[in-house]
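Working notes, structure below.
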Amino acid sequence: MPHPFRALPGRLAPVVLCCLLALVPLLVGPTSAGAAPVADPPPASVAQYLYSTPSGSAVGPWCHPQDLTPCSLGNDLVRRIDAVPPGGVVDVVMYSTTRVDMAQALVGAAARGVSVRVLTSHPKPDGEKSGDVADRVQVLVDQLRLLRRPVKVGWGSLSRSGRAGIEHRKLVLIDPDPAVDGDEETISDSGNWTYSLDTAYNDRTVVTDRCLYAATRKHLDVLWKDKAAKRIDALPTCDGRRRLWMMPEVRTDPVLAWAKQARCGLGARVTFANFYLTGSKADLVDQLIRFRRAGAYVQVAANDELTGHYSTTQKRRMVAAGIKVYDVSVLLDPVTGRKVYDHQKSLSATGCGEAFSAQGSTTQNSTAYTKNGNAVVTSSVWSDAAAMQAGFATMVAGAHRLTAADLG
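The sequence shown runs -35 to -1, 1 to 373 under mature numbering (1 follows the signal peptide of the UniProt record, and there is no 0).
Next up, the structure:
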């Protein structure tokens, strides 16, 4: 086969060769010392919002039809822990656990060489009966006794007086390989490690981000050294974005702070689901009413039967303002026929100048000194507001919308 350049007229070959050489910088990029620097890509951050529905069914990108194990939040967490290889790290902060499968996942991880730590409520916390929390963590303690390799277990002593308190966070931190950056997961749940995680309306945020993981792990390290509650004056912010991890010890609740400055008017859509909506959340209700009066579409999920938790006064205020308030407690489990309840703790907003989302064991700071909570608070491109609103719509599809007559 003749050489391609030999087939060209002699005077054209140098011209073609020069043109090809001129294209090299365009193909491979600048190489000279004076070339413009290429910006480093931002660190990989992945946020997933997952939610469960009654009877153990669940909705989320991790559900696959070919799975033999029912897709649920509980099974999802067991799978994530089971996938951590030897040398990995798992940190758990929980209120309680009664699930043997989830406790066994921690035991199995430690047995294969994973560093496992568990921070949970004190067996005899202030403000609760001495046996209540002890019974809830006994399943975990029993499973740990079967393991010879130690799993560190700490009792949360979280009251500011230094006395035994209630650990209300629901966190799992996973680092499969501490030598590799970018695969760390920070998992926030609304529910405890109990079977109700799959039989009530719960939700979960899974964030794959090194900065958020490191900031949260640093705070947990402090708690391990000194279980007394710590006041945090500054929330972690990563890469200039509003990626915040909320603890109730902070002086300013970031969810309420956002709501007070947000401009949610015509075209905006706001949803709020929270197991506890007592009078202490009146300040957040004030902002939801302000959004509605400005023309925003606002919806709230409530457990109407739990009168000890949900304030009738706050519901009356919202209904009078035109906010759609749904009673989720009238929904029935399609298998057992029992009533289910909304245990989600999330707030989402779109059309307010930026997308905003918050999810965790509490989405608005109203806990007492003896409790502790968490929430992932995000905005702009990093927000899962749209996914939260889809989950909210699924939950309230069969719920009763409260009226003034319902509230007396």
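The beta-carbon is built from N, C-alpha and C at its ideal position, and this holds for glycine as well.
Asked, Found
"Per-residue burial, Gly156 [other beta carbons within 10 Å of its own, 16 or more giving buried]", "buried"
"First and last residue of the uninterrupted beta strand (DSSP E) at Ser311", "310 to 315"
"Which listed residue (Ala74, Asp186, His365) has its alpha carbon closest to that of Asp292", "His365"
"Straight-line gap, Pro141 to Arg82 (C-alpha atoms, nearest Å)", "14 Å"
"Buried versus exposed call for Leu367 [16 or more other C-beta atoms within 10 Å across all chains shown]", "buried"
"Residue environment, Asp47, which counts as buried when at least 16 other CB atoms sit within 10 Å", "exposed"
"Cβ pair Ser326, Met353 closer than 8 Å", "no"
"Val65 CB to nearest heavy atom of the ligand MN below 7 Å", "The model on display carries no ligand, and the ligand MN is accordingly not part of it."
"Span of the alpha helix (DSSP H), counted from its first residue to its last, around Thr170", "Counting along the chain, Thr170 falls outside any alpha helix (DSSP H), though it belongs to the beta strand (DSSP E) covering 168 to 173."
"Proximity below 8 Å, CB of Thr315 to CB of Ala233", "yes"
"Under 8 Å between C-beta atoms of Lys225 and Leu372", "no"
"Contacting residues, own chain, Cβ-Cβ under 7 Å from Arg182 (five flanking each side not counted)", "Asp56, Leu138"
"Three-way DSSP call (helix, strand, coil) for Asp47 in this model", "helix"
"Thr159 - containing beta strand (DSSP E), residue span", "From DSSP, Thr159 is part of no beta strand (DSSP E); its letter is neither H nor E."
"Those residues which DSSP pairs with Asp154 across a bridge", "Arg169"
"Sheet register partners of His184 (DSSP bridge)", "Beta-bridge pairing links His184 to no other residue."
"Burial state of Trp189 (16 or more Cβ within 10 Å)", "exposed"
"Buried or exposed (CB count within 10 angstroms, at least 16 for buried), Val284", "buried"
"Reference Asn239; option with closest CA among Gly287, Gln309, Ser61", "Gln309"
"Buried versus exposed, by CB contacts within 10 Å (16 or more), Val145", "exposed"
"CB of Lys135 within 8 Å of CB of Ser153, strictly", "yes"
"Euclidean distance between Cα positions of Ala1 and Gly52", "In this prediction, Ala1 has a pLDDT of 42, which is less than 50 and means its spatial position is unreliable; nothing more can be read from the coordinates."
"N-terminal and C-terminal residue of the beta strand (DSSP E) that Ala323 is part of", "321 to 325"
"Cβ separation of Cys229 and Cys317, assumed to be a contact under 8 Å, to the nearest whole Å", "4 Å"
"3-residue-minimum beta strand (DSSP E) runs that sit fully inside the stretch 223 to 289, ordered along the chain", "234 to 239, 262 to 267"
"Residue from Gly363, Gly78, Asp218, Thr62 whose Cα sits closest to the Cα of Gln50", "Position check: residue 50 holds Pro in this sequence, whereas Gln was assumed. Minimum Cα distance to Pro50 is reached at Gly78."
"Helix, strand or coil at Asp66 [DSSP, three-state]", "helix"
"Tyr178 in three-state terms, based on DSSP", "helix"
"Nearest-angstrom beta carbon gap, Gln324 and Asp218 [assumed within contact, 8 Å]", "Wrong, their Cβ atoms sit about 15 Å apart, outside the cutoff."
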